[in-house]
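All you need for this note's numbering is the position in the sequence shown, starting with 1, plus 949.
Quick reminder that beta carbons are idealized off the backbone N, C-alpha and C, glycines included.
Given the structure is predicted, the values throughout are model-derived calculations rather than measurements.
Some notes on the structure that comes next.
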Amino acid sequence: MSEGLFGIHGAALEIRSQRMGVLGSNIANAATPGYKARDVDFAAALQARLGGEEADSAANGAVRYRIPTMATLDGNTVEMSTEQAAFAENAVAYSATLNFLRGRVETVTRAIRGE
């Protein structure tokens, strides 16, 4: 029922949440020598999720290593400006998706109440 009620937005929210975790991990490991920055290919993960894969396996299958613009001597590929921008963009998209779902739930609740 939730798939028909929320469409792709429920799956998108799960993937955006997992992407936020990956980006947060990149930021937390910015000073770790040899750490390779990663990101979730949102479009690929959403396609996999809509194709029937579980949310965890869809997001894990869409994780890609980020190619750095400027390599560091210690092998760390985290670029803070890139990570912060991606995190902020993902947070805005997560919030927008969550607000859409909240509005959808409120609409269904009002319909059930007969308002």
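query	result
Residue 992 beta carbon less than 7 Å from that of residue 1010	no
Residues sharing a beta bridge with residue 1013, DSSP	988
Three-pair Cβ contact test at 8 Å for the stretch 1029–1041 versus the stretch 1000–1010	no
Nearest-angstrom Cα separation, counted from residue 1064 out to residue 966	33 Å
Which of helix, strand or coil DSSP assigns to residue 954	helix
N- and C-terminal bounds of the alpha helix (DSSP H) containing residue 1048	1029–1062
Three CB pairs or more closer than 8 Å across the stretch 1041–1049 and the stretch 1015–1032	no
Classification of residue 1060 by the beta-carbon crowding that lies within 10 angstroms, buried from 16 upward	exposed
Buried versus exposed call for residue 989 [16 or more other C-beta atoms within 10 Å across all chains shown]	buried
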